[in-house]
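K.L.:
Quick one: the structure is below, and I'll ask about it shortly.
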Amino acid sequence: MSKSSELCISPPELKLLVSGSADAYSTTIDGWTLSEFYTPNVYWFDSMRCGSYRVTLTRELPEREDHGVHYIHGCYLAEALDRAWIYATGMPLSGRGHDLFMAPVSPPADWTSNAETVLPTDDWQTLRSRVSYLSPYRSMPKLPLESAVKALFALRDAGEVTNQIADFHQASMAMVVPELTYLLLAQGIECALSSYSEGKRTAIPTAVAKHLKHDLNWLSEMSHQRRETRHAVDKKTGVALKQSFDLVEG
605 MSKSSELCIS PPELKLLVSG SADAYSTTID GWTLSEFYTP NVYWFDSMRC
655 GSYRVTLTRE LPEREDHGVH YIHGCYLAEA LDRAWIYATG MPLSGRGHDL
705 FMAPVSPPAD WTSNAETVLP TDDWQTLRSR VSYLSPYRSM PKLPLESAVK
755 ALFALRDAGE VTNQIADFHQ ASMAMVVPEL TYLLLAQGIE CALSSYSEGK
805 RTAIPTAVAK HLKHDLNWLS EMSHQRRETR HAVDKKTGVA LKQSFDLVEG
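The structure is reproduced here in C-alpha cells:
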C-alpha cells in the first residue's frame with residue numbers, strides 16, 4: 605500500500621458565542637473534508653464566555669499523485685468557502701484587508717530589504733500586518749459551517765452575474781489598496797443595478813434593504829462621481845479629478 609500524508613488548509617481561529625445548537629458539522633466536497641471544531645468557554649468578551657472555533661479543509665495525499673494539483677484545488681475550495689461565509693453569516697471568515705487607514709507597507713515586487721533584522725520587532729510586525737477592525741469575536745445562533753456550505757453550493761449554481769458581484773464584493777473586503785476597494789465595490793454596484801430597473805428598485809427584499817444607508821440611486825451616483833470609483837476625471841471642468849470620498853460617504 606502506498607504511503608500517504610494529509611494536506612490541511614485552515615483559516616484563523618474565531619472566538620464564538622453560540623446561543624443555540626453547538627453540534628459540529630463535517631462534509632466532503634471534491635475529495636476534501638470540511639470540518640468545524642468548537643471548544644466552549646475558552647475566552648471572556650464583554651462579560652460573556654466565548655468558545656474557540658476553527659474550520660479545517662483536509663485530504664489524504666497518496667504517494668504517487670500530483671500533490672501540487674491537490675493543493676491548487678484546495679486553495680480554490682478555500683476561496684469559495686471564504687466567499688460563501690460572507691453570505692451565510694454576514695461577515696468574512698477572516699479579517700478584512702485593512703480599514704481605511706493603514707495597509708501593509710513593503711517595497712515594490714521583487715525588491716529586497718533587511719528591515720526585518722534592523723527594525724524593532726513590534727514596528728516590523730505593525731508595518732507588515734494588515735490593520736483590520738473586524739472583530740474575531742462573533743455571536744451566532746448555531747455553528748455556521750453547514751450554512752456556509754449551503755451558500756457555497758448556491759453560488760456554484762447561481763448565474764454569471766451573481767457570481768461576478770460576489771467576486772467583486774469579496775475582493776473589495778480583502779484588498780489592501782483603499783482606492784481599489786472602492787473601485788471593486790463600484791463594479792459590483794454596476795452589476796447589481798443591472799438586475800433592477802427603476803421601477804423594481806423599491807422592491808428590494810427587506811433583508812437587503814434594511815442594511816442600506818442610502819438608496820440605490822445614491823449608490824449609482826457615487827460609483828460614477830468619486831475619483832476612487834469608475835470615472836476619476838471630471839470632464840465638465842477640463843482635465844481635473846473628481847472629488848474624493850469623505851469618510852462618511854466611504
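For the sequence shown, the working numbering gives the first residue as 605, with consecutive numbering after it. Here a beta-carbon is modelled for each residue, glycine too, at the ideal position from N, C-alpha and C. Model, not experiment: these values are computed from the prediction.
Does the Cβ-Cβ distance between Y629 and L759 come in under 9 Å?
P.N.:
Numbered from 1 along the sequence shown, position 25 holds the residue referred to as residue 629. Numbered from 1 along the sequence shown, position 155 holds the residue referred to as residue 759. No, the Cβ-Cβ distance between Y629 and L759 is not below 9 Å.
K.L.:
Rounded to a whole number of angstroms, what is the C-alpha to C-alpha distance between F649 and S614?
P.N.:
Your numbering for residue 649 matches position 45 in the sequence shown. Your numbering for residue 614 matches position 10 in the sequence shown. Distance between the alpha carbons of F649 and S614: 24 Å.
K.L.:
Note down the Cα distance separating P644 from M695, rounded to an integer number of angstroms.
P.N.:
Along the sequence shown, read from residue 1 onward, the residue named residue 644 stands at position 40. Along the sequence shown, read from residue 1 onward, the residue named residue 695 stands at position 91. Looking at the two C-alpha atoms, the distance is approximately 21 Å.
K.L.:
Hey, is E683's beta-carbon within less than 9 Å of any beta-carbon in chain B?
P.N.:
Of the protein chains in the structure, only one exists, and it is not chain B.
K.L.:
Cutting at 6 Å between CB atoms, please list the residues of its own chain near V673, excluding the five before and the five after it.
P.N.:
Position 69 of the sequence shown, counted from the first residue, corresponds to residue 673. Cβ neighbours of V673 beyond the five flanking positions: none.
K.L.:
Note down the Cα distance separating H828 from T662, rounded to an integer number of angstroms.
P.N.:
The residue given as residue 828 occupies position 224 in the sequence shown. The residue given as residue 662 occupies position 58 in the sequence shown. If you take the alpha carbons of H828 and T662, they lie about 44 Å apart.
K.L.:
Would you report the Cα separation of M826 and T833, rounded to the nearest angstrom?
P.N.:
As a working note, residue 826 is residue 222 in the sequence shown. As a working note, residue 833 is residue 229 in the sequence shown. Answer to the nearest angstrom: the Cα atoms are 8 Å apart.
K.L.:
In this structure, how does DSSP classify G655 when only helix, strand and coil are distinguished?
P.N.:
Your numbering for residue 655 matches position 51 in the sequence shown. Strand, per DSSP.
K.L.:
Does DSSP put F772 in a helix, a strand or coil?
P.N.:
Taking the sequence shown and counting its residues from 1, one reaches residue 772 at position 168. Here F772 sits in helix by DSSP.
K.L.:
Could you pull out every unbroken alpha helix (DSSP H) segment of at least 4 residues lying fully inside the segment 665-704, listed in chain order?
P.N.:
Runs of the alpha helix (DSSP H) inside the segment 665-704: 671-693.
K.L.:
On the CB-based measure, 16 or more other CB atoms within 10 Å of its CB, does H818 come out buried or exposed?
P.N.:
On the sequence shown, residue 818 is found 214 positions in, with the first residue counted as 1. Exposed, because fewer than 16 other Cβ atoms sit within 10 Å of the Cβ of H818.
K.L.:
Taking only runs of the beta strand (DSSP E) that begin and end inside the segment 710-745, which ones reach a length of at least 3 residues, in chain order?
P.N.:
Here the runs fully enclosed are 741-744.
K.L.:
Tell me the DSSP secondary structure of K814 in three-state form.
P.N.:
Here residue 814 refers to the residue found at position 210 when the sequence shown is read from its first residue. Looking at K814 - three-state DSSP - the assignment turns out to be coil, as it is neither helix nor strand.
K.L.:
For F649, which three-state DSSP category applies?
P.N.:
Taking the first residue of the sequence shown as 1, we reach residue 649 at position 45. DSSP places F649 in strand when its eight states are reduced to three.
K.L.:
Quick one: what's K619 bridged to in DSSP?
P.N.:
Residue 619 sits at position 15 when you count from the first residue of the sequence shown. Paired residue(s): S656 and Y741.
K.L.:
Out of curiosity, what's the CA-to-CA distance linking S606 and G635?
P.N.:
Residue numbering aside, residue 606 sits at position 2 when the sequence shown is read from its first letter. Residue numbering aside, residue 635 sits at position 31 when the sequence shown is read from its first letter. Confidence at S606 is low in this model, with a pLDDT of 45, below 50, so its placement is unreliable and the value that follows should be read with caution. Roughly 18 Å between the two C-alpha positions.
K.L.:
Please work out which residues of its chain come closer than 7 Å, Cβ to Cβ, to T631, disregarding the five sequence neighbours upstream and downstream, and give them in chain order.
P.N.:
For the purposes of this step, residue 631 is taken as residue 27 along the sequence shown, with counting starting at 1. These residues qualify, in order along the chain: L638 and V753.
K.L.:
Relative to the C-alpha of A775, which residue among G678, L697, K840 and L788 is closest?
P.N.:
On the sequence shown, position 171 is the one that residue 775 refers to. It is L788 whose Cα lies nearest to the Cα of A775.
K.L.:
Using only CA atoms, which one of W728, A692 and D686 lies nearest to S698?
P.N.:
Position 94 of the sequence shown, counted from the start, is the residue given in the question as residue 698. Minimum Cα distance to S698 is reached at D686.
K.L.:
Looking at the secondary structure, which residues open and close the beta strand (DSSP E) in which S630 lies?
P.N.:
By 1-based counting over the sequence shown, the position of residue 630 is 26. S630 to I633 is the extent of the beta strand (DSSP E) around S630.
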